[in-house]
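Its first residue numbered 151, the sequence shown is counted upward by one per residue in this note's numbering. Here's the structure, in structure tokens; my notes come after.
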Amino acid sequence: MYEAVIIIPKGQILNIGKVAEQYTKSGAKLEGQVDQVLLPKNWSLEWIKEIHVIPSN
151 MYEAVIIIPK GQILNIGKVA EQYTKSGAKL EGQVDQVLLP KNWSLEWIKE IHVIPSN
């Protein structure tokens, strides 16, 4: 899993909402009801300032 620091330029419009509960192909349940941020279509990769690998437990 990864975590990123993304700097959004001033004036960009973001859509923020809750993720619905989902199941993966293997049957694992993803709880949902957490925040998600939808970036604009064709957003620039230059917005990414850092990427971190998050180890699995």
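Virtual Cβ for every residue (Gly too), placed ideally from N, Cα, C.
Quiz item: With a CB to CB cut of under 8 Å and the five nearest residues on each side skipped, what residues in its chain are close to E171?
Solution: For the purposes of this step, residue 171 is taken as the residue at position 21 of the sequence shown. These residues qualify, in order along the chain: K179, L180, E181, G182 and Q183.
Quiz prompt | Limits of the beta strand (DSSP E) - the one that V155 falls within | solution = Within the sequence shown, residue 155 is the residue found at index 5, counting from 1. Unbroken beta strand (DSSP E) run through V155: Y152 to I156.
Quiz item: Whose CA, out of K175, G177, K168 and P190, lies closest to the CA of G161?
Solution: Translated into positions along the sequence shown, residue 161 becomes position 11. Minimum Cα distance to G161 is reached at P190.
Quiz item: Hey, would you say I198 sits closer than 9 Å to V155, going by beta carbons?
Solution: The residue you call residue 198 lines up with position 48 of the sequence shown. The residue you call residue 155 lines up with position 5 of the sequence shown. The answer is yes: Cβ separation under 9 Å.
Practice problem: State the Cα-Cα distance for the pair I166 and L188, rounded to the nearest angstrom. | Solution: What you label residue 166 is simply residue 16 of the sequence shown in a count that begins at 1. What you label residue 188 is simply residue 38 of the sequence shown in a count that begins at 1. Distance between the alpha carbons of I166 and L188 is about 6 Å.
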